[in-house]
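K.L.:
Residues in the sequence shown are numbered consecutively from 7, following my numbering.
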Amino acid sequence: MTEFRRRPSRSLPTSRPRIVSKWPAAIMCLVAVCAAVEAALWAADLGLIDMRRLRALAYQNGGFWIGLLSDWEPNYAAQPYLMFVTYAFLHGGLVHLAVNMLTLYSVGQLVISRVGQMRFLLLYAVSAFGGALGFAALSTSYQPMVGASGALFGLVGAWIAWDYIDRFGSGAPLLPVLRPILTLILLNVVLYYAMGGFLAWETHLGGFLAGAFCAFLVDPVSRSFPDQRA
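1. Inspect the CB distances between the stretch 44–54 and the stretch 126–134 and report whether three or more fall short of 8 Å.
2. Looking at the secondary structure, which residues open and close the alpha helix (DSSP H) in which residue 189 lies?
3. Going by beta carbon distance, what residues of the same chain come within less than 7 Å of residue 141, once the five residues before and after it are set aside?
4. Fully enclosed by the stretch 54–109, which alpha helix (DSSP H) runs are 4 residues long or longer?
5. Rounded to the nearest angstrom, what separates residue 38 and residue 80 at their Cα positions?
6. Going along the chain, which residues of its own chain have a beta-carbon closer than 8 Å to the beta-carbon of residue 99, five neighbours each way excluded?
7. Check the DSSP bridge columns for residue 112 and list the partner residues they point to.
8. Which residue's Cα is closest to the Cα of residue 75: 147, 41, 122 and 174?
9. Spatial neighbours of residue 14 within its chain, please: C-beta separation below 6 Å, excluding the five flanking residues on both sides.
10. Note down, in chain order, each residue of its chain lying with its Cβ closer than 8 Å to the Cβ of residue 82, except the 5 sequence neighbours on either side.
11. Are there any heavy atoms of the ligand ATP lying less than 7 Å away from the beta-carbon of residue 51, as far as the coordinates show?
12. According to DSSP, is residue 155 helix, strand or coil?
13. Near residue 7, what residues of its chain come up, given a Cβ to Cβ distance below 7 Å and the 5 sequence neighbours on each side ignored?
14. Put residue 176 into one of helix, strand or coil per three-state DSSP.
15. Can you list, in chain order, the residues of its chain with a C-beta nearer than 6 Å to that of residue 200? Leave out the 5 residues immediately preceding and following it.
16. Assign residue 77 to one of two classes, buried (16 or more other C-beta atoms within 10 Å of its C-beta) or exposed (fewer than that).
17. When burial is assigned at 16 or more other CB atoms within 10 Å of the CB, is residue 155 buried or exposed?
18. Can you check which of these residues, 219, 90 and 95, is closest to residue 170 by C-alpha distance?
19. On the three-state DSSP scale, how would you describe residue 236?
20. On the three-state DSSP scale, how would you describe residue 147?
21. Just the Cα atoms here: how many angstroms apart are residue 138 and residue 91?
22. State the CB to CB distance for the pair residue 160 and residue 136, rounded to an integer number of angstroms; the pair is presumed to be in contact (CB under 8 Å).
23. Which one of 162, 203 and 172 has the shortest CA to CA distance from residue 188?
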């Protein structure tokens, strides 16, 4: 069983979270990039700019295509590699973007309060990459996969991993860690059928596992847990 180290008593009290700005720069930069991309695609869709095929071109060149991992001809030499990152900055419309960015803002602040903005960005990048790996390994779809959900599930996976670390290190019950995991599974099942199968659950799973694994590496130290005497 893995042993998690406790912080020494002379260090900064673990009961105090990091002071996080209401508008963390790391989150705002990610939101700004994703919003700018979708705004351009939305404007093209409406004919506000004379590039009605812009969304199709963006998906063709920036979405994640499984076929590019086998015998498909890429549009440019680096596409089979860059798509592991670029897919996370494209979305399927304003609703898709809004849901993901609101989730990023709320969950991202929790992660930053724990490990700071630089390690938050590391977790986000690893989770996005892990989401692409999950889709590549498990999906049989030859439609493009887009969206930041893989990275977002990774942030949630990291937070759940830290909950386990804190509980394990303080002797608190571990069973509550399973509740959000079961909730996420149920949410994916419901959304999968509600969306007629057009849900990249493989990306969610890959991102979640990558984020959880990365969390154990970037901050394996147990923090004080309020229920440890319960």
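Each residue gets a CB set at the ideal place from its N, CA and C atoms; glycine is no exception.
None of these values were measured; they are calculated from a predicted model.
P.N.:
Once the coordinates are examined:
1. No, because fewer than three Cβ pairs between the stretch 44–54 and the stretch 126–134 fall closer than 8 Å, the two stretches do not touch.
2. Bounds of the alpha helix (DSSP H) holding residue 189 are 184–200.
3. So the list reads 70, 151, 206, 208, 209 and 212, once near-sequence residues are dropped.
4. The qualifying runs are 60–68 and 85–92.
5. Inter-residue distance for residue 38 and residue 80 is about 28 Å (C-alpha atoms, whole angstroms).
6. Close CB contacts of residue 99 within its chain, under the 8 Å cut and outside five residues either way in sequence, are with 44 and 48 (chain order).
7. Answer by DSSP bridge pairing: none, since residue 112 is not bridged.
8. The shortest CA-to-CA distance from residue 75 to any of 147, 41, 122 and 174 is the one to 147.
9. For residue 14, the predicted structure reports a pLDDT of 41, less than 50, and the residue's modelled location is therefore unreliable. A value from the coordinates is still provided. Setting aside the 5 residues that flank it on each side, residue 14 has no residue in the same chain whose C-beta is closer than 6 Å to its C-beta.
10. Hits under 8 Å: 67.
11. Ligands are entirely absent from the displayed structure, and the ligand ATP is therefore not among its contents.
12. Here DSSP, grouped into helix, strand and coil, assigns residue 155 to helix.
13. Here residue 7 scores only 38 on pLDDT, less than 50, and its place in the model is too uncertain to base an answer on.
14. Three-state result, residue 176: helix.
15. The answer is none, since no qualifying residue turns up.
16. Residue 77 is exposed by the Cβ-count criterion.
17. Burial is judged here by how many other beta carbons sit within 10 angstroms of a residue's own beta carbon; residue 155 has at least 16 and is buried.
18. Comparing alpha carbon positions, the residue from 219, 90 and 95 closest to residue 170 is 219.
19. With a pLDDT of 35 at residue 236, under the threshold of 50, the modelled position of that residue is not reliable, and the figure given next carries that caveat. If DSSP states are grouped into helix, strand and coil, residue 236 belongs with coil.
20. Note: residue 147 maps to coil in three-state DSSP.
21. Between the alpha carbons of residue 138 and residue 91 lies a distance of about 8 Å.
22. Contact flag correct, Cβ pair sits at about 6 Å.
23. Nearest C-alpha to residue 188 among 162, 203 and 172: 162.
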